[in-house]
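Protein chains in written order, with the numbering used here: chain X, 115 to 503; chain R, 1239 to 1621.
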């Protein structure tokens, strides 16, 4: 063999039988091959084999199976971002003429997907409040309604929908349920009969703010039906990203519990402050969603929102005065982050809709990281003291 | 600036913090804002909306295609899906090349037709067929040249002229030739689409896609869909692609020279009924291949005597050529569509798109050409 050929066909560093890596390697290879055509056509090869990384990849597959089990389901498709996962769940279940129910309390990009893009594809939508069960029942009863997209708790105002009621109503009317469960984490809500769970793996799953990813989790039958669309749309997760998320998952539970404990301590601290008008955190016993959240979830996550007794300018100045909290969106990473809710997450809503969604110009969302909670409280305290009236 | 200079330098500026000559891999999902007031003053907030490593690749690819701007995506199919989503709505019509890649065909017939978009598949090797397929509500013409796997060519300038007259967008899948050999935007097309998985990466190490456009307005539409639907390229993939792109022209020069030599060897071989390579004088559209592109690429197909059985035997006998249906990488890849990629396709449909029983597709790599010819010769001798 000439050297020009050798460099494209390097000698194999073969592992002795039984000598395996402890951690799944990052399979960067785009293609997977077989020694003969016959071998590529066996049932095993067709059902569990790997061919092209856009379709499936061993590093990504391990991640899919792990997150599916955490969410009490048996299969999943991982994609490039949480929004790509939302789109996969939407396009996989809808066609022109259908109607989708979305909530005024939803995450802005989810609302934009339904309100701005679906009408372009010949679909209609209804936007109601996640607490308005009469309106939900009415919209579900509309024969055109095919799917409901919701969150629990909602982003950014931590509203807690009644999953049992919504799922029961949806089943009565054959409405497909798609729950963006990012805020609750992978280990919560699995016992509810939700058809599709969607997660931004960018958040708690990875947890280190260094990778983007998303996933749709459901039972095998649903994922099998969704898979050809995922392959065709090509919103593939990079295997390198899958590796980082799989690594992040190893500390998922210790992180999630710490995020939740610190968030509760901070919610309690804020609730006592005179500068704070209202705290939104389902873990707080005084929160209107607390009783329901306690029934539905094991823990409450690391995000909370609160209203300052302040003008918009004072609210922005408060956020700018924070030192440990960085001003930016996103959540679920080791660093604490703060965001002005109206500016970052509410501009697509009318003033009336913002009011229904509890979004004010004095509302702040904070994502609690893994810093020591005393340091975070001290930082909030110094910034609160700087609010000038 | 020459192509190979742009290939090395476009889009990349030394890192202002460290002086690193290569763009760092910005793994960060989020970017700190200096204050609430100065939101987005540095251009980045969240990696779904934009990432500095990905942006560097976008700028490089836009420069190589002589386009205005570029968006990068998770795969080539994601790039196509973004073009569809940004340009087509319910009630619209699109004309697609009848020899388009299977994924394009499925995107149209299985997904977008469910959402009220109509499609006509037209013979893009004949501009008149494209013209006849147009309707009042046509918004997009999508062609692929050379086509996969038939290598049929579409006349980019002629089709773009028809599109312009009717104010319709013309998108070209330029994956097979890359901007090194063919620049659709210079020929009048509005959009050039790529699977960067192929020649840009070139090393079989990433999957990715790109959309290069001829106006800021189109770029804004693509970027909006990129952000809203989240089909982004990961920063690490962008970095590998940035590095791969630096050797694009020298790889392609060598790979297409190899392909020319192999095509000539095959054409003279008694077991081979037919060879199609745009660089052969016997290629039906050889004249067009010479005028609209500056090279012929590294993809070819040939028909072995003896149908399915002979094709299969050849596949099982090759040693250097790898059985895999990707293309554009440094490894030579060989496929027999009838038993592999198109095994589940109806025979009539296979004939319609020009896939015969003995058709073998070759993506010629960077190995020594004598080794490749020796490998093919020993495998052909076994038929």
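The C-beta atom is built at its ideal place from N, Cα and C for all residues, glycine as well.
For residue 1466 of chain R against residue 197 of chain X, the beta-carbon gap comes to about 7 Å, under 8 Å, which counts as contact. Taking C-beta atoms as the reference points, residue 294 of chain X and residue 221 of chain X count as a pair closer than 8 Å.
At a cut-off of 8 Å, the C-beta of residue 198 of chain X has a neighbouring C-beta in chain R.
Per DSSP, the unbroken alpha helix (DSSP H) holding residue 376 of chain X starts and ends at 366 to 385. Per DSSP, reduced to three states, the secondary structure at residue 440 of chain X is strand.
A check of alpha carbon separations from residue 1431 of chain R across R:1280, R:1463, R:1310 and R:1571 identifies R:1310 as the nearest.
Annotated three-state conformation of residue 456 of chain X is helix, per DSSP.
Among the CB atoms of chain R, none fall inside 8 Å of the CB of residue 221 of chain X.
The beta carbon of residue 1315 of chain R falls within 8 Å of a beta carbon belonging to chain X, placing the residue at that interface. From the beta-carbon of residue 227 of chain X, the residues of chain R found nearer than 8 Å are 1466 and 1467. Counting only the Cα atoms, residue 254 of chain X lies some 29 Å from residue 192 of chain X. When the alpha-carbon of residue 474 of chain X is set against those of X:287, X:391 and X:235, the nearest one is in X:391.
At the C-beta level, residue 1267 of chain R and residue 419 of chain X stay beyond 8 Å of one another. Under the DSSP definition of a beta bridge, residue 241 of chain X partners with X:216.
Rounded to the nearest angstrom, the gap between the Cα atoms of residue 1440 of chain R and residue 1524 of chain R is 26 Å. For a cut-off of 8 Å, the C-beta gap from residue 215 of chain X to residue 182 of chain X is around 26 Å, too long to register as a contact. Residue 154 of chain X and residue 1312 of chain R do not touch by the CB rule: their CB atoms are close to 25 Å apart, not below 8 Å. Residue 421 of chain X carries a strand assignment under DSSP once its states are collapsed to helix, strand and coil.
Membership of residue 1319 of chain R in the alpha helix (DSSP H) is indicated by the continuous run 1314 to 1325. 121, 122 and 123: these are the residues of the stretch 121 to 132 of chain X whose beta carbon lies less than 9 Å from some beta carbon of chain R, given in chain order. Per the DSSP secondary-structure output, residue 294 of chain X pairs in a beta bridge with X:265 and X:312.
Those residues of the stretch 200 to 216 of chain X placed with their C-beta closer than 7 Å to a C-beta in chain R are 201, 205, 209 and 210, ordered along the chain.
Listed as beta-bridge partners of residue 1600 of chain R by DSSP are R:1538 and R:1572.
As a beta-bridge residue in DSSP terms, residue 1407 of chain R pairs with R:1378. The DSSP-derived three-state label of residue 331 of chain X is strand. In this structure residue 330 of chain X is in contact with residue 203 of chain X, their Cβ atoms being roughly 5 Å apart against a cut-off of 8 Å.
Taking 8 Å as the upper bound for CB-CB distance, residue 1328 of chain R and residue 236 of chain X are in contact here, some 3 Å apart. The beta carbon of residue 1286 of chain R sits closer than 8 Å to some beta carbon of chain X. Under a 10 Å Cβ-count criterion, residue 373 of chain X is classified as buried, with 16 or more other Cβ atoms of the shown protein chains found around its own Cβ. DSSP assignment within the stretch 1496 to 1528 of chain R yields the following whole beta strand (DSSP E) runs of 3 residues or more, N-terminal first: 1510 to 1514.
Scanning X:126, X:265 and X:308 for the CA closest to the CA of residue 185 of chain X turns up X:308.
Contact holds between the stretch 1268 to 1284 of chain R and the stretch 436 to 450 of chain X, because three or more Cβ pairs, one in each stretch, are under 8 Å apart.
Straight across, the Cα-Cα distance linking residue 164 of chain X with residue 350 of chain X is about 14 Å. Residue 1419 of chain R places its beta carbon less than 8 Å from that of residue 1490 of chain R. With a threshold of 8 Å between beta carbons, residue 1553 of chain R makes contact with chain X.
The three-state reading of DSSP puts residue 1356 of chain R in strand, counting E and B together.
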